[in-house]
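This note's numbering puts the first residue of the sequence shown at 78, with every later residue one more than the last.
Following: one structure in structure tokens, then a few remarks.
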Amino acid sequence: MQKKHFASAVLAVLCSGMLLTSLPAAADEHYDVYNYDRWNEPIPSQAGYQATRSVSGKDLGIGDLSEPSDLFVDTEDRLYIVDTKNNRIVVTDPGLTEVEKVMEHFTMPDGSTTTLKAPEGIYVAPETGLIYIADYSNSRVLVTDYDGNVQMEVTKPESELFSSELTFLPQKVLADKAGNIYIVLGNITTGAAMFNA
78 MQKKHFASAV LAVLCSGMLL TSLPAAADEH YDVYNYDRWN EPIPSQAGYQ ATRSVSGKDL
138 GIGDLSEPSD LFVDTEDRLY IVDTKNNRIV VTDPGLTEVE KVMEHFTMPD GSTTTLKAPE
198 GIYVAPETGL IYIADYSNSR VLVTDYDGNV QMEVTKPESE LFSSELTFLP QKVLADKAGN
258 IYIVLGNITT GAAMFNA
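Here you go:
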């Protein structure tokens with residue numbers, strides 16, 4: 078009987094010791110996570126995900142990325158990176174291990190060549206494969222195929238709905254199945270501008 082009490086006492090001590098030395102359930106984060114309030118002040122936050130790897134332009138063999146501002150994954154799982162300050166679109170394989178294409182020069186319908194200037198947004202239509210690029214400092218959206226042949230250029234509309242005093246500054250772009258184009262403009266705060274197909 079005495080052995081039972083002794084065993085129970087030892088078990089109780091071990092259990093209480095385990096409770097006192099238990100580890101927290103949250104995983105250790107290797108970095109601090111923040112959200113930003115409307116004054117752009119950082120507020121500590123819980124991570125919604127944990128990065129397992131980072132990839133730089135040097136890792137991909139194309140030099141440094143400079144202020145990348147948008148990403149898009151197409152139906153083939155290729156990743157499109159808008160490399161804003163380098164004025165290019167970088168297309169990588171699904172594993173982010175090699176570059177499939179660097180889009181810097183585009184052929185206009187008249188045969189002339191054009192380049193990007195501080196692009197900020199990209200969208201690839203799943204139905205057509207057409208690439209929509211918000212070319213901020215050129216004040217336009219280019220619609221191009223994968224080979225860089227421009228199918229359409231969307232510029233500032235001549236309409237009483239769009240003030241002639243405003244500059245056309247596209248930041249983000251997408252299109253619907255009907256081909257309508259929706260553009261978020263840097264100097265308009267009342268919603269996205271919609272352009273008919």
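Yeah, the Cβ is synthetic: ideal placement off N, Cα and C, and Gly gets one too.
Buried versus exposed call for residue i [16 or more other C-beta atoms within 10 Å across all chains shown]
i	result
residue 198	buried
residue 270	buried
Sequence-distant residues of the same chain with beta carbon closer than 7 angstroms to residue i, five excluded per side
i	result
residue 159	145, 146, 147, 166, 196, 197, 198, 199
residue 240	none
residue 246	213, 216, 262, 263, 264
residue 112	120, 122
residue 173	132, 156
residue 170	155, 177
Expected contact under 8 angstroms - CB spacing of residue i and residue j to nearest Å
i	j	result
residue 248	residue 268	Actually they are not in contact, since the Cβ atoms of residue 248 and residue 268 sit about 13 angstroms apart, beyond 8 angstroms.
residue 164	residue 137	17 angstroms between Cβ atoms; not a contact.
residue 254	residue 204	6 angstroms
Contacting residues, own chain, Cβ-Cβ under 8 angstroms from residue i (five flanking each side not counted)
i	result
residue 227	183, 184, 185, 186, 191, 219, 220, 221
Own chain residues within Cβ distance below 6 angstroms of residue i, not counting five before or after
i	result
residue 234	none
residue 259	251, 269, 271
### Message
At 3 residues or longer, what runs of the beta strand (DSSP E) sit wholly inside the region 182-264?
### Response
Runs found: 182-184, 190-192, 196-201, 208-212, 217-221, 227-231, 247-252, 258-262.
### Task
Return the chain-ordered ranges of every beta strand (DSSP E) run that is complete within the region 140-169 and spans a minimum of 3 residues.
145-150, 156-160, 165-169
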